[in-house]
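Here the protein sequences line up with chains U and F, keeping their order. Our numbering numbers the first residue of the first sequence as 161 and each following residue consecutively. Our numbering numbers the first residue of the second sequence as 3 and each following residue consecutively. Ideal placement from N, C-alpha and C gives every residue a C-beta, glycine not left out. Single-structure report; data block below.
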Amino acid sequence: MLMQALLIGLVAAFGTLDTALGTSYIQRPIVLGPLVGLVLGDLQTGLIIGANLELLFMGAISVGAYIPPDVITGGVLATAFAISTGSGLEAAYALAMPIGLAALGIKNVFYAILPLILPIADHGAQEGDDGKIKLTYVLLGLFGKTIWTFTLTFFAFFLGSDVVTAALNSVPSFVFDGLGIAAGILPAMGFAMLMRMIVNKKLIPFFVAGFALAAFLNLSVLAVAIFAVVIAIEKLEFLDERPMVARAAVGIDGGDDDDF
Amino acid sequence: MTSKMSDKTLQDAYRGSISKKDLTRMAVNPGALGMEYSWNYPKQMSVPFCLMLNPLLKKIYKDDPKGYSEALQRHLEFFNITMYFAPFVGGVVASMEERVAKGEMAPETINQVKAALMGPLSGIGDSLFLGTLRVIAAAVGISLAVNGNPFGPIAFLLIYNIPTFLTRIIGAHKGYELGVSFLTKAQESGLMDKVIYAAGIIGVMVIGAMTVTMTSVSIPIEFGQGESVQTIQSVLDGILPGTLALVALGLYYWALSHKVSPMVLIVITMVVGVLGAFTGVLA
């Protein structure tokens with residue numbers, strides 16, 4: 161049992177390395193399911209449950225800033241419990257999403273703390289020392305993903321799902337919720353840093369325009385970007401027959417652009 | 003890009019410090035493949051993007067430790083993209099870094115161009131790879147695996163990953179070549195300043211939009227009675243949707259301008275979040 165729990169933990173930890181290996185989707189249930197099956201000596205059931213959970217988790221991918229239920233712990237533990245208790249596909253279906261959501265709560269806690277590691281990289285950059293940036297990368301991944309995923313799946317499989325659920329429920333919900341809220345606000349800090357680098361007086365109106373298009377018209381970032389390209393082309397007269405410099409040289413020859 | 007002039011420009015380009023081999027290596031180095039491993043809320047893919055470029059930056063700034071350090075700092079700013087397009091942006095950026103190193107271009111232009119590229123490429127990439135290719139790969143894989151065929155997961159991985167890796171490698175080369183020929187043209191025709199201004203316009207508009215779409219916080223407090231119950235959030239949305247995101251951005255900007263450390267800001271944000279959830283003021 162201990163050995164199996166360790167191996168289940170390792171399969172899940174391997175899943176977290178997906179994002180270090182090109183987001184190649186080795187973290188998906190269709191891949192990890194059969195691996196869990198192999199570990200527990202039932203490859204066939206693992207394959208079948210993995211394929212079915214893949215369908216269940218079809219919409220659970222991170223697009224933009226959306227953080228989906230944790231597919232790795234959900235997929236691995238649901239498959240493992242279904243095989244080890246012999247309860248089959250129905251049990252896997254019933255367990256996968258709740259486990260994935262509970263794990264998301266834990267993930268939020270780590271994701272809220274994670275940014276505190278970032279200054280190591282900044283110091284490294286200031287000193288021209290790329291070793292510290294590499295260290296930051298490894299620490300962010302280990303603490304953000306690999307370590308807690310391994311620990312959680314190991315203990316969950318070793319102790320059984322009831323114990324783990326009870327332990328999670330004993331944490332007041334406002335802690336998870338609050339760190340989730342902080343996580344939702346933090347991207348604004350990234351944008352503020354970026355703005356401090358690139359914005360100048362001439363560009364502020366365009367920031368307002370981009371913000372307003374997304375806020376009032378609910379336009380996607382791609383839609384705003386398309387408008388931005390059009391504005392840039394129009395504003396700078398890229399498509400005019402004669403380049404701007406040439407025209408400036410001959411002086412203003414009005415034409416259709418009198419209002420400009 | 004196929005005119006004879008730009009072909010010649012491209013040949014010249016590869017005579018510089020960066021070779022085709024360097025770009026191929028960059029497209030599959032640990033940084034390029036690890037865009038999401040160190041993902042975090044405030045800066046998202048900044049660290050792996052910086053590591054992806056690192057080998058090229060070392061070559062470009064071989065005899066200029068200060069320039070190298072500044073370039074590293076530049077690429078530790080916020081970055082987010084559909085990960086398979088990151089090497090393309092890396093290629094474009096490499097062509098620009100070469101000019102910055104020669105003193106022909108202002109460094110802040112690079113982050114403007116990065117901001118201008120990440121929005122549109124993510125929009126296209128997410129629907130192309132995550133929305134389409136992944137679904138096709140999963141459909142084939144699942145249909146095999148539900149019958150217990152172990153080739154199912156393998157088919158899934160191959161169908162998905164062959165195109166994504168090709169996108170990375172081809173993207174890195176195309177990005178660099180595009181960057182070189184575009185910048186050379188812009189310089190020859192004297193439009194460089196205009197091009198930089200245009201990149202700035204697109205960049206800040208994309209950041210403005212992302213401020214709304216990628217930040218999420220609300221005030222769910224209710225007031226009024228019976229039928230007329232409203233939340234503060236619904237009132238705010240009636241005036242200016244995304245107000246809170248804008249306020250947060252403004253506060254962070256102000257605090258950062260006053261040399262408050264990001265570390266302190268993160269801790270304050272966490273405390274505000276937990277207090278907000280405890281009192282029910284924020285959601």
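Simplified DSSP state of residue i, which is helix, strand or coil
{"i": "U:Gly-415", "result": "Model confidence at U:Gly-415 stands at a pLDDT of 40, short of 50, so the residue's coordinates are unreliable; what they give is reported in the following sentence. In this structure, U:Gly-415 counts as helix in the three-state DSSP scheme."}
{"i": "F:Val-283", "result": "coil"}
{"i": "F:Phe-80", "result": "coil"}
{"i": "F:Gln-46", "result": "strand"}
{"i": "U:Trp-308", "result": "helix"}
{"i": "F:Lys-61", "result": "helix"}
{"i": "U:Phe-217", "result": "coil"}
{"i": "F:Val-262", "result": "coil"}
{"i": "U:Asn-329", "result": "helix"}
{"i": "U:Gln-187", "result": "coil"}
{"i": "U:Glu-250", "result": "helix"}
{"i": "F:Trp-256", "result": "helix"}
{"i": "U:Pro-258", "result": "helix"}
{"i": "U:Met-163", "result": "helix"}
{"i": "F:Pro-243", "result": "coil"}
{"i": "U:Pro-194", "result": "helix"}
{"i": "F:Pro-89", "result": "helix"}
{"i": "U:Glu-397", "result": "coil"}
{"i": "F:Tyr-39", "result": "coil"}
{"i": "U:Ser-244", "result": "helix"}
{"i": "F:Ile-204", "result": "helix"}
{"i": "F:Tyr-16", "result": "coil"}
{"i": "U:Thr-179", "result": "helix"}
Contacts that residue i makes with chain C (C-beta to C-beta distance below 9 angstroms)
{"i": "F:Glu-106", "result": "In the structure shown, chain C cannot be found, because the protein chains are U and F."}
For residue i, the residue or residues it bridges with in DSSP
{"i": "F:Thr-233", "result": "F:Glu-224"}
Any chain U beta carbon closer than 9 angstroms to residue i
{"i": "F:Arg-76", "result": "yes"}
{"i": "F:Thr-186", "result": "no"}
{"i": "F:Ala-1", "result": "Residue 1 of chain F cannot be examined here, being either before or after the span of chain F that is shown, 3 to 285."}
{"i": "F:Ile-234", "result": "no"}
{"i": "F:Lys-68", "result": "yes"}
{"i": "F:Arg-170", "result": "yes"}
{"i": "F:Lys-61", "result": "no"}
{"i": "F:Met-98", "result": "no"}
{"i": "F:Arg-136", "result": "yes"}
{"i": "F:Leu-58", "result": "no"}
{"i": "F:Met-272", "result": "yes"}
{"i": "F:Lys-196", "result": "yes"}
{"i": "F:Val-276", "result": "yes"}
{"i": "F:Ile-126", "result": "yes"}
{"i": "F:Phe-280", "result": "yes"}
Below-9 angstroms beta-carbon distance, residue i vs any chain F residue
{"i": "U:Tyr-253", "result": "no"}
{"i": "U:Leu-264", "result": "no"}
{"i": "U:Asn-212", "result": "yes"}
{"i": "U:Gly-260", "result": "no"}
{"i": "U:Thr-179", "result": "yes"}
{"i": "U:Lys-361", "result": "no"}
{"i": "U:Asp-230", "result": "no"}
{"i": "U:Ala-285", "result": "yes"}
{"i": "U:Phe-174", "result": "no"}
{"i": "U:Val-331", "result": "no"}
{"i": "U:Ala-256", "result": "no"}
{"i": "U:Pro-366", "result": "Note that residue 366 of chain U is Phe in the sequence shown here, rather than Pro. So yes, U:Phe-366 belongs to the interface."}
{"i": "U:Ala-316", "result": "no"}
{"i": "U:Thr-311", "result": "no"}
{"i": "U:Leu-207", "result": "yes"}
{"i": "U:Ile-307", "result": "no"}
In chain order, which alpha helix (DSSP H) runs of at least 4 residues are fully inside the segment 342-382 of chain U? List check, alpha helix (DSSP H) in window: 347-358 and 364-377.
Closer than 7 angstroms, Cβ to any Cβ of chain U: which residues of the segment 110-121 of chain F, in chain order? Glu-110, Asn-113, Gln-114, Ala-117 and Gly-121
Could you tell me which whole beta strand (DSSP E) segments of length 3 or greater appear in the segment 96-175 of chain F? none
Can you give me, in chain order, the residues of the segment 335-358 of chain U that have a beta carbon less than 8 angstroms from any beta carbon in chain F? Val-335, Asp-337, Gly-338, Leu-339, Gly-340, Ile-341, Ala-342, Ala-343, Gly-344, Ile-345, Leu-346, Pro-347, Ala-348, Met-349, Gly-350, Phe-351, Ala-352, Met-353, Leu-354, Met-355, Arg-356, Met-357 and Ile-358
Please go through the segment 268-299 of chain U and give each complete alpha helix (DSSP H) segment of 4 or more residues, from N-terminal end onward. 278-287
Listed in chain order, which residues of the segment 17-45 of chain F have Cβ atoms closer than 9 angstroms to some Cβ of chain U? Val-30, Pro-32, Gly-33, Ala-34, Leu-35, Gly-36, Met-37, Glu-38, Tyr-39, Ser-40, Trp-41, Asn-42, Tyr-43, Pro-44 and Lys-45
Of the residues that make up the segment 202-219 of chain F, which ones have a beta carbon closer than 9 angstroms to any beta carbon in chain U? Against chain U - using a Cβ distance shorter than 9 angstroms - the residues of the segment 202-219 of chain F are Gly-202, Ile-203, Ile-204, Gly-205, Val-206, Met-207, Val-208, Ile-209, Gly-210, Ala-211, Met-212, Thr-213, Val-214, Thr-215, Met-216, Thr-217, Ser-218 and Val-219.
Please list, in chain order, the residues of the segment 368-390 of chain U that have any C-beta partner in chain F closer than 9 angstroms. Val-368, Ala-369, Gly-370, Phe-371, Ala-372, Leu-373, Ala-374, Ala-375, Phe-376, Asn-378, Leu-379, Ser-380, Val-381, Leu-382, Ala-383, Val-384, Ala-385, Ile-386, Phe-387, Ala-388 and Val-389
Could you name the residues of the segment 76-91 of chain F whose beta carbon sits closer than 7 angstroms to any beta carbon of chain U, in the order they occur along the chain? Leu-78, Glu-79, Phe-80 and Met-85
Given a limit of 9 angstroms on CB to CB distance, which residues of the segment 255-270 of chain F reach chain U? Tyr-255, Trp-256, Ala-257, Leu-258, Ser-259, Ser-263, Pro-264, Met-265, Leu-267, Ile-268 and Val-269
The segment 153-180 of chain F: which residues have C-beta closer than 8 angstroms to a C-beta of chain U, in chain order? Of all residues in the segment 153-180 of chain F, Gly-154, Pro-155, Phe-158, Leu-159, Tyr-162, Asn-163, Thr-166, Phe-167 and Arg-170 have a Cβ within less than 8 angstroms of some Cβ in chain U.
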